[in-house]
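One point on numbering: in the working numbering, the residue at position 49 of the sequence shown is 60, and numbering is uninterrupted. Yeah, the Cβ is synthetic: ideal placement off N, Cα and C, and Gly gets one too.
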Amino acid sequence: MAKIKLNQHWCKGCGLCIEICPKNVYDREANVSAKGFRDIIIKNPDACNQCMLCELLCPDIAITIETKNKISNIKNTNANIKK
Numbered sequence: 012m013a014k015i016k017l018n019q020h021w022c023k024g025c026g027l028c029i030e031i032c033p034k035n036v037y038d039r040e041a042n043v044s045a046k047g048f049r050d051i052i053i054k055n056p057d058a059c060n061q062c063m064l065c066e067l068l069c070p071d072i073a074i075t076i077e078t079k080n081k082i083s084n085i086k087n088t089n090a091n092i093k094k
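Next comes the structure, spelled out in structure tokens:
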């Protein structure tokens, strides 16, 4: 199982992770935060399939996926995108 880290200090709430995650791991808080938007939350970490899309595409570099096979997962994701 992957360990997902979301750095709320770096995240600007663009929601790209919500849109690209094939397993619906991310969502938004119900209420607007002090930053002026609904913060991104990890709602379903057990559903993560370690595709690495969120980490690779986050424009704020706010997401880190900790897994034993990180390089292999990235190669598999890249291969699937090219298909």
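- Membership of I29 in the alpha helix (DSSP H) is indicated by the continuous run 27–31.
- Separation of C25 and K16 (C-alpha to C-alpha, rounded to the nearest whole angstrom) is 17 Å.
- Counting along the chain, the unbroken alpha helix (DSSP H) around E66 starts and ends at 64–68.
- Counted as a single uninterrupted DSSP element, the beta strand (DSSP E) harbouring D38 occupies residues 37–39.
- Counting along the chain, I76 sits inside the beta strand (DSSP E) bounded by residues 74–77.
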